[in-house]
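Quick notes on the structure that follows.
In the working numbering, the protein residues as written are 759 to 945.
What follows is the structure, given as structure tokens:
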């Protein structure tokens with residue numbers, strides 16, 4: 759499986775123990791099979807290169823968990839975002855939809871108990887669906903081969919960020935409409 763990761767360095771040997779423990783699928787090295795999606799989340803920092811890394815993952819011999827936008831996905835992300843134990847820790851790789859930063863902005867409302875879980879899941883499942891692949895173990899990292907990398911220039915990054923901003927605005931409108939409907943139902 760060909761995978762992509764954008765960051766601020768050429769990463770030939772990524773560290774699965776680096777990064778936030780409260781990310782969607784817990785601590786791990788996050789990639790995507792979708793090059794366009796990966797580059798959309800590129801950021802620019804003065805004095806640093808923004809780098810698109812390309813990998814090949816040999817899946818044979820790895821324990822892989824595939825998630826879809828459903829109750830299991832919601833619960834797993836909820837647990838990870840609240841620093842609970844990773845009950846899928848036996849998996850080397852977890853593949854599933856992202857709960858992007860726009861969703862994270864909405865996450866507090868949906869997980870506050872004010873909105874029932876089924877309705878919260880309905881709201882979270884609206885809008886575009888992008889997949890991420892989290893390599894969670896050293897074994898998974900050993901099955902990952904770095905192929906190449908290239909620096910993205912500031913113009914490219916700004917172009918990608920503009921696309922993401924437009925998607926976020928559209929998604930926020932969808933979420934606001936759905937939340938409005940949900941709030942009317944519970945009133």
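Idealized CB from N, CA, C, for every residue including glycine.
query	result
Three or more C-beta pairs below 8 Å linking the stretch 832-848 and the stretch 790-798	no
CA nearest to the CA of residue 808, picked from 914, 903, 936, 904	914
Contact set for residue 759: own chain, Cβ-Cβ below 8 Å, skip 5 residues either direction	791, 814, 815, 817, 891
Short Cβ contact (7 Å threshold) for residue 812 with residue 893	no
Buried/exposed call for residue 782, threshold 16 Cβ in 10 Å	buried
Candidates 921, 882, 826, 767, of which the one nearest residue 852 by Cα	826
C-alpha gap between residue 903 and residue 896, whole angstroms	13 Å
Distance CB(residue 796)-CB(residue 762) smaller than 7 Å	yes
Close beta carbons around residue 822, own chain, < 6 Å, minus the five adjacent residues each side	851
Residue 886 versus 912, 908, 928, residue with shortest Cα-Cα distance	928
Those runs of the alpha helix (DSSP H) which lie wholly inside the stretch 894-925 and span at least 4 residues	896-900
Among 798, 806, 779, 784, nearest to residue 768 - alpha-carbon criterion	806
For residue 888, the nearest candidate out of 907, 908, 930, 854 (CA to CA)	854
Between the CA atoms of residue 917 and residue 802 - distance to the nearest angstrom	11 Å
Reduced DSSP secondary structure (H/G/I, E/B, other) of residue 764	strand
From 879, 778, 786, 765, residue whose alpha carbon lies closest to that of residue 898	786
Host alpha helix (DSSP H) of residue 841 (start-end)	Looking at the DSSP string, residue 841 is not in any alpha helix (DSSP H), and its letter there is neither H nor E.
Integer-rounded CB distance, given that residue 836 should sit under 8 Å from residue 879	Wrong, their Cβ atoms sit about 10 Å apart, outside the cutoff.
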